[in-house]
Amino acid sequence: MPNVVGENLQLAQDKLQKLGSYVLDQQDAAGLDRIQVVDANWQVCSQKPAPGKTVSADTVVVLASVKLTEDCP
Numbered sequence: 005m006p007n008v009v010g011e012n013l014q015l016a017q018d019k020l021q022k023l024g025s026y027v028l029d030q031q032d033a034a035g036l037d038r039i040q041v042v043d044a045n046w047q048v049c050s051q052k053p054a055p056g057k058t059v060s061a062d063t064v065v066v067l068a069s070v071k072l073t074e075d076c077p
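Going letter by letter, the sequence shown gives residues 5 to 77 in the numbering used here.
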């Protein structure tokens, strides 16, 4: 699992999909339950599984993000 924390959400998703991971879930890291409509306007604050873990391509990857103008909690 590559480290995508700090990356643009859209670019992080693209990177994971190129590696064969298509099971992606998104969450609002601020806890406001917002939907990431335009993924390019968000930055990744955390990810599960953690960077460096070996996982199968069908593992659900959860990316928690905030808007580009916000700080990660």
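Ideal Cβ positions, reconstructed from N, Cα and C, are used throughout, including at glycine.
Collapsed DSSP secondary structure at LEU15 in the structure displayed:
What you label residue 15 is simply residue 11 of the sequence shown in a count that begins at 1. Of the three classes helix, strand and coil, the one that applies to LEU15 here is helix, per DSSP.
- Task: Have a look at SER69, LEU36, ALA54 and THR58 and flag the residue whose alpha-carbon is nearest the alpha-carbon of ASN45.
- Result: Locating residue 45 in the sequence shown gives position 41, counting from the first residue. For ASN45, the nearest C-alpha among the options comes from SER69.
- Query: Would DSSP call GLN21 helix, strand or coil?
  - Reply: Here residue 21 corresponds to residue number 17 of the sequence shown, with the count starting at 1. Helix at GLN21.
Practice problem: With VAL9 as the anchor, note down where its beta strand (DSSP E) starts and where it stops. | Solution: As a first step, residue 9 is located in the sequence shown; it is residue number 5 there, counting from the start. Unbroken run through VAL9: none, as it is neither H nor E.
- In whole angstroms, what is the alpha-carbon distance linking GLY10 and GLN51? Translated into positions along the sequence shown, residue 10 becomes position 6. Translated into positions along the sequence shown, residue 51 becomes position 47. Rounded to the nearest angstrom, the two C-alpha atoms are 10 Å apart.
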